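Participant: Residue numbers (full-length UniProt numbering): 1 to 444.
Just so you know, even glycine gets a beta-carbon here, dropped at the ideal spot from N, CA and C.
Every value quoted in this text rests on a predicted model; they were computed, and no experiment measured them.
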Ligand code: GDP
């Protein structure tokens with residue numbers, strides 16, 4: 001889905017190139033694609049309609065500045081508007097009250113309340129240096145109380161015992177009392193969930209809210225729930241003054257479109273994102289990044305520009321043909337390295353990719369990779385044209401000469417030759433399609 005939308009958008013970006021302003025006709029196709037993409041990403045229909053109308057409103061008649069085309073400008077507007085719909089910047093927790101600050105967790109069973117309670121405890125201990133106590137008000141499932149005890153221990157927080165024969169309100173009072181007496185900074189109250197919304201549950205959590213007067217009432221919702229998340233959010237908003245949303249299971253397959261709908265319906269900022277089952281899998285929600293995820297495009301505009309500006313298409317075609325015929329040599333290898341440099345190096349390309357992909361490559365790795373590329377370029381440059389075309393003639397004495405010329409050890413020359421051999425084999429397998437496919441996808 002991600003690449004499908006990316007592909008469509010880049011094609012449409014091309015179509016509207018060369019026109020001076022954004023008009024009804026040149027954005028219609030793009031908006032249709034975006035609409036489809038949002039629906040596929042599980043954003044609720046009224047939210048999609050509203051969103052598209054706002055984008056259109058902002059975009060129409062807008063002069064296109066600088067080197068941007070209307071299509072590119074529109075992608076920018078869509079991205080910004082998506083981020084704005086989900087919240088501006090990063091919304092932190094409000095803990096500026098007389099301690100203990102109470103956080104009430106609300107949501108359906110299975111949404112991730114208990115897990116998030118422990119994750120949040122850990123986050124507060126580590127990032128905010130708080131003394132944290134957790135308590136479970138889920139007296140309907142003994143296993144739930146036990147689960148909270150286990151994960152709280154993992155989080156390094158304190159756990160307040162409760163038993164199934166107690167009333168949730170009594171548990172809450174006792175925990176609050178304990179927290180006051182023991183100088184706890186934050187008390188997190190996990191509550192019972194049901195598989196579906198029911199009135200008894202809503203009444204119970206309303207009573208808990210009245211008793212505890214929490215500074216934060218967090219609605220925990222499973223991002224993979226898709227459309228259902230909207231109904232759940234509506235019901236909880238009607239029952240409780242929500243102060244924030246935690247969107248869990250964003251590491252799953254879902255495109256996270258629920259974020260848009262839930263934000264709109266619950267009328268509260270998304271404060272955290274659950275990104276793994278593990279206790280440290282909680283992040284402050286970043287609307288900007290999530291917008292990129294929903295569109296699955298990273299900063300596609302910049303990427304399209306960079307790639308089309310830097311790469312000579314003819315050169316790429318020539319290269320592809322060579323690979324196909326098995327004639328890929330060190331000269332071509334060098335050419336590839338140079339193309340990469342023209343495009344601004346690895347790190348600048350990486351910046352433009354969707355965050356999940358980019359996150360896989362760390363800064364240090366990149367730095368090393370860039371240095372490595374420069375060294376390789378140096379080694380190939382130290383070879384004669386004959387050697388570049390027929391690397392098999394490079395034996396010991398030639399290797400020594402090349403190493404000296406490039407200012408490296410002979411082992412490095414060996415390593416490069418070996419790598420080249422492997423690459424050659426790999427490229428033969430790709431039958432020359434890989435690079436061309438990439439170019440096409442990026443709209444070059
Ligand atoms: P509760 O019934 O609302 O308390 O939900 P739980 O905390 O028991 O979570 C239900 C399931 O979802 C458990 O298996 C959790 O491990 C899992 N879970 C919760 N949050 C996340 C998350 O952010 N990512 C993933 N992959 N799993 C999560």
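Per DSSP, which one or two residues make a beta bridge with residue 384?
Facilitator: Residue 384 sits at position 384 when you count from the first residue of the chain shown. DSSP output for residue 384 lists no bridge partner at all.
Participant: How about residue 102 and residue 216: do their beta carbons lie closer than 9 Å?
Facilitator: Taking the chain shown and counting its residues from 1, one reaches residue 102 at position 102. Taking the chain shown and counting its residues from 1, one reaches residue 216 at position 216. Their beta carbons are under 9 Å apart, which means residue 102 touches residue 216 by this criterion.
Participant: If you reduce the DSSP assignment to three classes, tell me which class residue 195 lands in.
Facilitator: Residue numbering aside, residue 195 sits at position 195 when the chain shown is read from its first letter. In this structure, residue 195 counts as coil in the three-state DSSP scheme.
Participant: Considering only heavy atoms of the ligand GDP, does any lie closer than 8 Å to the CB of residue 189?
Facilitator: By one-based count along the chain shown, residue 189 stands at place 189. No; taking the cut-off as 8 Å, the Cβ of residue 189 has no heavy atom of the ligand GDP nearer than that.
Participant: Measure the Cβ-Cβ separation of residue 334 and residue 388 and say whether it is below 9 Å.
Facilitator: Within the chain shown, residue 334 is the residue found at index 334, counting from 1. Within the chain shown, residue 388 is the residue found at index 388, counting from 1. Yes, they are a contact pair.
Participant: For the beta strand (DSSP E) that residue 248 lies in, which residues bound it at each end?
Facilitator: The residue given as residue 248 occupies position 248 in the chain shown. From DSSP, the beta strand (DSSP E) with residue 248 extends over 244 to 248.
Participant: Beta strand (DSSP E) containing residue 135: first to last residue?
Facilitator: Looking up residue 135 in the chain shown gives position 135. Residue 135 -> beta strand (DSSP E) spans 132 to 136.
Participant: Determine the burial state of residue 188: buried for a count of at least 16 other Cβ atoms within 10 Å of its Cβ, exposed for fewer.
Facilitator: To locate residue 188, count along the chain shown from 1; it is residue 188. The residue in question, residue 188, is buried, as its Cβ has 16 or more Cβ neighbours within 10 Å.
Participant: Within 10 Å of its beta-carbon, does residue 155 have 16 or more other beta-carbons around it, so buried, or fewer, so exposed?
Facilitator: For this step, residue 155 is matched to residue 155 along the chain shown. Classification for residue 155: buried.
Participant: Which of helix, strand or coil does DSSP assign to residue 163?
Facilitator: Here residue 163 refers to the residue found at position 163 of the chain shown. Reduced to three states, the DSSP call for residue 163 is coil.
Participant: Inspect the beta-carbon positions of residue 273 and residue 247 and report whether they are closer than 9 Å.
Facilitator: On the chain shown, position 273 is the one that residue 273 refers to. On the chain shown, position 247 is the one that residue 247 refers to. A contact, by the Cβ cut-off of 9 Å.
Participant: Taking just the CA atoms, how far does residue 330 sit from residue 423?
Facilitator: Along the chain shown, one-based indexing puts residue 423 at 423. Along the chain shown, one-based indexing puts residue 330 at 330. Cα to Cα, residue 423 sits roughly 10 Å from residue 330.
Participant: As a quick exercise: from 181, 232, 282, 292, pick the residue whose alpha carbon is nearest that of residue 198.
Facilitator: Position 198 of the chain shown, counted from the start, is the residue given in the question as residue 198. The candidate whose alpha carbon is nearest that of residue 198 is 232.
Participant: Considering only the alpha carbon of each residue, which of 288, 243, 249, 209 lies closest to residue 226?
Facilitator: On the chain shown, position 226 is the one that residue 226 refers to. With distances taken between Cα atoms, residue 226 lies closest to 249.
Participant: Please look up how many angstroms separate the CB atoms of residue 244 and residue 113, rounded, as I've assumed it's under 8 Å.
Facilitator: Residue mapping note: residue 244 aligns to position 244 of the chain shown, counting from 1. Residue mapping note: residue 113 aligns to position 113 of the chain shown, counting from 1. About 13 Å; that fails the 8 Å criterion.
Participant: May I ask you to list the residues that DSSP assigns as paired with residue 105?
Facilitator: Here residue 105 corresponds to residue number 105 of the chain shown, with the count starting at 1. Bridge partners of residue 105: 218.
Participant: Give a single yes or no on whether residue 274 has its beta carbon closer than 8 Å to a heavy atom of the ligand GDP.
Facilitator: If you number the chain shown from 1, residue 274 lands on position 274. Yes - the ligand GDP has a heavy atom lying nearer than 8 Å to the Cβ of residue 274.
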